[in-house]
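Visitor:
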């Protein structure tokens with residue numbers, strides 16, 4: 024049975040009607056019309072669906088909308104703007120990371136949450152923080168360079 028939920032997404036308030044177990048991902052894409060996050064595996068294994076819930080990187084494909092209601096949700100669109108991009112967004116462009124672009128949402132959102140808690144990470148710490156994310160294009164080396172570049176800018 025559908026219930027009403029208040030979602031605060033990228034600083035804006037929204038009310039939706041949904042089944043309590045519906046994934047947050049579906050609410051963001053279908054009800055709110057956001058282009059990111061992406062549906063990847065639907066099993067929390069690839070990271071394409073990652074958003075921040077109260078600043079914590081969260082896989083929205085397995086997070087029920089009922090658990091996200093009342094929390095601050097940030098998607099890739101809310102991380103930065105074209106005029107004021109997040110340092111990770113800038114670093115991705117500078118390091119020419121994007122290829123197909125499908126997985127970028129997960130990598131950037133996961134790395135942004137990590138860099139908010141770790142100001143000067145080592146390579147090993149970055150790799151550990153990004154464990155479980157998938158990129159089929161093989162841009163892992165460029166991703167590492169971009170995260171390190173952003174970490175330097177944010178320190």
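Residue numbers (this note's numbering): 24 to 178. From the three backbone atoms N, C-alpha and C, an ideal C-beta is built for every residue, glycine too.
(1) Considering residue 89, what are the terminal residues of the alpha helix (DSSP H) in which it resides?
(2) Which residue from 47, 77 and 163 puts its Cα closest to that of residue 136?
(3) Considering Cα atoms alone, identify which of 131, 173, 32 and 110 is closest to residue 154.
(4) Here's the rule: buried if 16 or more other CB atoms are within 10 angstroms of the residue's CB, otherwise exposed. What is residue 88?
(5) Here's a check: name, in chain order, each residue in its chain whose Cβ is nearer than 6 Å to the Cβ of residue 138, leaving out the five neighbours to either side.
(6) Take the Cβ of residue 158 as the centre, count every other Cβ of all protein chains shown within 10 Å, and call the residue buried at 16 or more, exposed below.
(7) Does the pairing of the region 47-59 with the region 107-124 give three or more beta-carbon distances under 8 Å?
(8) Would you mind working out which of 79, 39, 122 and 167 sits nearest residue 146, comparing C-alpha positions?
(9) Given residue 123, which residues of its chain have a CB within under 6 Å of its CB, disregarding the five upstream and five downstream residues?
Guide: Here's the rundown:
(1) Indexing the chain shown from 1 puts residue 89 at position 66. Taken as a continuous stretch (DSSP letters only), the alpha helix (DSSP H) holding residue 89 covers 88-91.
(2) The sequence position of residue 136 within the chain shown is 113, counting from 1. Out of 47, 77 and 163, 77 has the C-alpha closest to the C-alpha of residue 136.
(3) As a working mapping, residue 154 is identified with position 131 in the chain shown. Comparing Cα-Cα distances from residue 154 to each of 131, 173, 32 and 110, the minimum goes to 131.
(4) Along the chain shown, read from residue 1 onward, the residue named residue 88 stands at position 65. That one is buried.
(5) Taking the chain shown and counting its residues from 1, the one referred to as residue 138 is at position 115. Once the five neighbours on either side are set aside, the close Cβ partners of residue 138 are 174 and 177.
(6) Residue mapping note: residue 158 aligns to position 135 of the chain shown, counting from 1. By the 10 Å Cβ count, residue 158 comes out buried.
(7) no
(8) Start at 1 with the first residue of the chain shown, and residue 146 comes out as number 123. Here the closest residue by C-alpha is 167.
(9) As a first step, residue 123 is located in the chain shown; it is residue number 100 there, counting from the start. Taken in chain order, the residues that qualify are 160.
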